Structures are given as structure tokens and as C-alpha cells.
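**Student:** Quick one: structure below, then a few questions.
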Amino acid sequence: MQVQKFLVPVACVALLVLAHRSYGWLGVAAAGGGLMMWLLLHFTRLMAVLKRAADRPIGYVDSAVMLNARLKPGVTLMHVMAMTRSLGERLSDEGVQPEVYRWSDNGGSKVSADFAHGKLVRWQLDRSADTDAPAAPRPGGPEAPGASDPAP
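Okay, so the sequence shown: first residue is 129 according to the numbering used here, each after it adds one.
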């Protein structure tokens, strides 16, 4: 069980009790207003992330390689959705843990992420589409004309 599920409500109730003991009902009103503002800030952020994600295709990300570099263990699915600005393509069945989501870019690279109880536990970058394409010569490399010519 996650401790956070119980710790946050207990801390809120403790704050309200402490406010009542210190300042009476005026303290409860002030602490309740602060807690309500905190909840509204989180709700507003959630709605903004979902609104941005609704405008893009499911499972699309601008660069899967950059997403792979920015991911960290323990971040929430909402945080990853905020980074990608897209809902992930769900690969796992409904209600099965861990939940597996995938994001892909135009180049064919894909990032598959496993979320256990809403937190990122592992992810994998798949660049198989990039390895099938022949490598383009680098400008100024040995394939460039005049690269092997000695300087006068």
C-alpha cells in the first residue's frame, strides 16, 4: 500500500485540528481555504495537461530519444503526459499492473514505459526503425570530396 494515500488526508485533518486548537473556527476557515486552494491548483494543472494532450494524437511525441533522456524513475503518468503533451498508447490490459504505455515519433523510435500504481518503474527506447535505414554521410567526413586531399 502506498503511504501517501493515507499520509496526505491524515496531514490535512491534523492541520485542521491544529488550526482549530490554535485559532478556533477562524483558523479552521483559513486552513480549509489554504487546503482548497492547494486542491484547486492541482486540479487546474491536471485539466491543463489533459487539454494539451487532447489536441495531439495518442502515443505521439516529438522526439522519443529526448523523452528517453528526460524520464526518471518514480515520476507520475501525469508528469510524463505533461512532458510529451500526449496521452500514451496503452499496451497493457485494463486493470493490470504494471500499466504499459508507448510513445513514438515520426522517425519510428518508440519509448515503452511501465507504470506501477501510477509511478514510472522502467522504460525502454526502441530505435529499430532507425537502424534499418542506411547511414547518411556526414558533411566534412571522409566521404566528402576533397577530404583526403592534403592541404597545400
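Built from N, CA and C at the ideal position, the CB exists for glycine as well. Only a predicted model underlies this, so the values are computations on that prediction, with no experimental measurement involved.
#1: In its own chain, which residues sit with a C-beta less than 8 Å from the C-beta of residue 130, not counting the 5 before and 5 after it?
#2: Would residue 247 count as contacting chain C if we go by Cβ distances under 7 Å?
#3: For residue 130, which of helix, strand or coil comes out of DSSP?
#4: Could you please give the first and the last residue of the uninterrupted beta strand (DSSP E) stretch that includes residue 249?
#5: Throw me the rounded Cβ distance for the residue 187 and residue 232 pair, which I believe falls under 8 Å.
#6: Thinking C-alpha only, which one of 146, 250 and 243 is nearest residue 204?
**Tutor:** Result, derived from the coordinates:
#1: The residue labelled residue 130 in the question sits at position 2 within the sequence shown. The residues are 245.
#2: In summary, chain C is missing from the structure at hand, where a single protein chain is found.
#3: By one-based count along the sequence shown, residue 130 stands at place 2. In the structure shown, residue 130 sits in coil (DSSP, three-state: anything other than H, G, I, E or B).
#4: Mapped onto the sequence shown, residue 249 falls at position 121. 247-254 is the span of the beta strand (DSSP E), which, as asked, contains residue 249.
#5: For the purposes of this step, residue 187 is identified with residue 59 of the sequence shown, where counting begins at 1. For the purposes of this step, residue 232 is identified with residue 104 of the sequence shown, where counting begins at 1. With a Cβ gap of about 6 Å, residue 187 and residue 232 count as contacting.
#6: Taking the sequence shown and counting its residues from 1, the one referred to as residue 204 is at position 76. Cα-wise, what sits closest to residue 204 is 243.
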